[in-house]
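Below: the structure, in structure tokens.
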Amino acid sequence: MIKNDLKQKNEFSLLLFTHANVLRFLNILAIALIAVSLLYLMAANWWMLPKFVRLSIPMLVLMLSAVASVYSTQSQALRQSLDTISGLMIGLSLAVIGQIYQTGADSYLLFLVWSVLLLPWLYRPNIGVFCILVVVSQLALYFYFQQSFWMLRAPWAYVVALNLLTAISLIYAMRHYPILRYVFIVFLIVISLASMFCFIQNHQVIDLVSVFVLPLGVAYYFYRRQRVLEPILLIAGVALSLSLWLLESVSGFLSHSGGGLFTLAMIIFAWFAAISFVLTRLFPKNNLAMIPLAIGAWIAGIILASLLLTFWQAFSIVMGVVFIIIAWFLLSKYTSFFIRQFAYCLWVCGQTAILIHVGLLTDNLWYVWFIQLLMLSLTAFTAKHWFILTIQLIAAYCLGVGALLFMNVLAAKEEVLQVMSGCNTLIFIIMLLTARYWQSSIYMKSIVLWLLFILFCVAACQMLIGLNMPFLKQAEPDQIIIFYLLPSIFVLCFVLQRANTLHHLWFWAIPILGLFFILMGYFELFIVLVLLAWAIVYGHKWVQAICILLLVFWLWMLYYYLGLSFLYKSLTIFISGLMLLMMVYGLKQIEALTDHGEIS
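In the numbering used here, each residue's number is its place in the sequence shown (first place is 1) plus 480.
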């Protein structure tokens, strides 16, 4: 089967792992897992190591990665990765020195020296080292003003220095790493919002200047270069900051009543609508100019929801139904962006009021969950927007989990969590079996984001609540079904999607890896790998990024999880890395057959 045919046939099977880019990433992941296993083992015995060993470890890694980077000229990605490791090892070496000799691991001098030592690594283009430098330099600036008491004596100086340093970093990024512009846009919006909070509290002119100057200056820069999304996002961020001031100013004149909240919601909505109107004049025939209007609609919807919940009490259920009917009619009959955002505003307001008041009146989350399922079904046939359905799916899942946690039948926490784990696996199995259908639907993004959200919740629950998966010999029959049988069914279904490929021996490495993850208690990591392979093949960069962040989050959570020993975690992760390496080695041979169409 030719690799390009994977997309055309909505493939969600073993063949995803034969894609060259997937194998390349799995190879990197395998090496990373082996490194993480060694890191776990070293961290568990860190304080037992002699001082000179603790000092030499990061310096040795720094030297090896730097030397390897000099001689690795064939792969730019490998060279940049080695340089990034070198930049991290510089900071780790300084932190170990501060830890051993008690010089302070949060001293501004540590971050200042780290920033200076990172500069030589920028003689070659390296986005990883630059990102580290930006973060470290900002920390050095903050700790300097905090530890030298200039933050109290002259807070305006920190605001000026913060904006200057950010501007210099942005100029350098636009010349060498323009892909980072969206990261800086988010940071500029955060600075604008924080400055507005400070202005509302302290009434300092410099804070008000910080709200506007840098974001609007950068927006003008992008506008002159005929960019559209970047200036719109920055202007929307400034508008959001101004709405905080508007909210603070108007709230003093409005009475704390239903009429006051309704007036406030209309003012917020009109404010963002006016900004969208101006943007449509600057960027005609572009729907991106409606982003501020969407923000205003959601904020107004939240305010109206609080109006229903606070002042109308039980009558809010009736008004919520009326709002949803109006929203359903508008979404069904009109395609105007303004009308649809107003309809979403009404929908959010009405649904929130219905769910909360039904819960208060019945004191039963199962009724609330059933109503949410009805809302979800109505949304799927009406809203026609992936973001709206994503919110509805997440709300349905959270309410279902909440109903399980508060039900009286399952009193023990462990039983509730086991049922929740089984339900999660059933969801994954159903989504796997129906993958060919939802992949071709307009709600593909919603379903994938929903699955990633479930995986994030599973990781958080295992860490915070402490769900211990029993070993196979010690497990009860119901635990065997939940923790071993259902995950094995998922792996079996994944294999049967392309059962005709199993005559190639190396294809068996994929289900064997999945079964190993199940036995070790890392079944959800296998699902993340499947979603990551799917995202790489289908070119969904945002899913790739979320999956990578989820892998990092999972490994970080596993480090602090006390239900397993460090030796067990280190050994199982090390074996997982070795198995991944072996699997990649075998699948590379199959990948050549796939290119020639010998596997179909």
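Cβ atoms here follow ideal geometry from the backbone N, Cα and C, with glycine treated the same way. No experiment lies behind these values; they were computed from the predicted model shown.
Counted within 10 angstroms of its Cβ, other Cβ atoms place F683 as buried (16 or more) or exposed: Contrary to the premise, residue 683 reads as His rather than Phe in this sequence. So H683 ends up on the exposed side.
Own chain residues within Cβ distance below 7 Å of P605, not counting five before or after: Close CB contacts of P605 within its chain, under the 7 Å cut and outside five residues either way in sequence, are with H656 (chain order).
Residues near I874 by beta carbon distance below 6 Å, same chain, minus five either side: Excluding sequence neighbours, I874 sits near F933.
Assigned secondary structure, H499 (DSSP; H/G/I helix, E/B strand, else coil): Coil at H499, not helix or strand.
Simplified DSSP assignment, three categories, for Q977: Here DSSP, grouped into helix, strand and coil, assigns Q977 to coil.
The stretch 987 to 998 in contact with the stretch 1018 to 1028 per 3-pair CB rule at 8 Å: Contact fails: fewer than three Cβ-Cβ distances are below 8 Å.
Residue environment, M855, which counts as buried when at least 16 other CB atoms sit within 10 Å: Classification of M855: buried, given that the 10 Å Cβ count is 16 or more.
Minimum C-alpha distance to A512 - residue among W986, S566, L1058, T815: Comparing Cα-Cα distances from A512 to each of W986, S566, L1058, T815, the minimum goes to L1058.
CA-to-CA distance, V1017 to I1028, given in whole angstroms: A direct Cα-Cα distance of roughly 15 Å separates I1028 from V1017.
Whether I565 touches S545 by CB criterion (7 Å): Closer than 7 Å, so yes.
Touching by the beta-carbon criterion (3+ pairs, under 8 Å), the stretch 746 to 754 and the stretch 686 to 698: Output reads no: the stretch 686 to 698 does not touch the stretch 746 to 754.
Burial state of I559, where buried means 16 or more other Cβ atoms lie within 10 Å: First, the residue type needs correcting, since residue 559 is Arg and not Ile in the sequence shown. By the 10 Å Cβ count, R559 comes out buried.
Under the three-state DSSP convention, the category G1057 falls into: G1057 falls in the helix class under three-state DSSP.
Presumed contact (8 Å Cβ cut-off) between T870 and F970, rounded CB distance: About 23 Å separates the two Cβ atoms, so there is no contact after all.
Stretch-stretch touch, CB-based, cutoff 8 Å, three pairs: the stretch 807 to 818 with the stretch 840 to 857: No: the two stretches stay apart, fewer than three of their Cβ pairs being nearer than 8 Å.
Under the three-state DSSP convention, the category D843 falls into: Three-state result, D843: coil.
Completely contained alpha helix (DSSP H) runs for the stretch 614 to 642, where each covers 4 or more residues: Listed in chain order, the alpha helix (DSSP H) runs fully inside the stretch 614 to 642 are 630 to 633, counting runs of at least 4 residues.
I851 beta carbon less than 7 Å from that of I771: It is not a contact, given that the beta carbons lie outside the stated cut-off.
Chain-order list of residues whose beta-carbon lies under 7 Å from that of S649 (same chain, five-residue window excluded): Contacts found: V614.
Contact the stretch 709 to 723 vs the stretch 670 to 679: 3+ CB pairs below 8 Å: With a cut-off of 8 Å, the stretch 670 to 679 and the stretch 709 to 723 count as touching, because enough Cβ pairs lie within range.
Of the residues A716, L590, Y1065, W827, the one placed nearest F987, counting alpha carbons only: For the set A716, L590, Y1065, W827, the Cα lying nearest the Cα of F987 is the one of Y1065.
Residue span of the alpha helix (DSSP H) that contains F532, given as start and end: Here the alpha helix (DSSP H) through F532 covers 531 to 551.
Counted within 10 angstroms of its Cβ, other Cβ atoms place Y877 as buried (16 or more) or exposed: Burial is judged here by how many other beta carbons sit within 10 angstroms of a residue's own beta carbon; Y877 has at least 16 and is buried.
Straight-line gap, L796 to L841 (C-alpha atoms, nearest Å): According to the sequence shown, residue 796 is Ser rather than Leu. Roughly 12 Å separates the two Cα atoms.
Pair within 7 Å by beta-carbon distance, Y520 and F1046: Contact: yes.
N- and C-terminal bounds of the alpha helix (DSSP H) containing F1083: Residue 1083 is absent from the structure shown; the chain starts at 481 and stops at 1080.
Expected contact under 8 Å - CB spacing of I570 and L542 to nearest Å: Right, the Cβ-Cβ distance comes to about 6 Å (below 8 Å), so this counts as a contact.
Contact under 7 Å by Cβ, V639 with I686: Against a cut-off of 7 Å, the Cβ pair of I686 and V639 comes out as a contact.
Cβ-based burial, K531 [other Cβ within 10 Å; buried from 16]: By the neighbour-count criterion, in which a residue is buried when 16 or more other Cβ atoms sit within 10 angstroms of its Cβ, K531 is exposed.
Beta-carbon proximity list for G880, same chain, < 6 Å, skipping 5 on both sides: Around G880, the same chain offers W849 as residues with beta carbons nearer than 6 Å, after the five sequence neighbours per side are excluded.
Residue span of the alpha helix (DSSP H) that contains A674, given as start and end: That run of the alpha helix (DSSP H) goes 661 to 682.
Backbone secondary structure at Y917 - three-state DSSP: Correct three-state label for Y917: helix.
Simplified DSSP state of N606, which is helix, strand or coil: Of the three classes helix, strand and coil, the one that applies to N606 here is coil, per DSSP.
Residue interval of the alpha helix (DSSP H) (run including F1003): Its alpha helix (DSSP H) spans residues 1003 to 1018.
Reduced DSSP category for F505 - H, G, I as helix; E, B as strand; rest coil: Looking at F505 - three-state DSSP - the assignment turns out to be helix.
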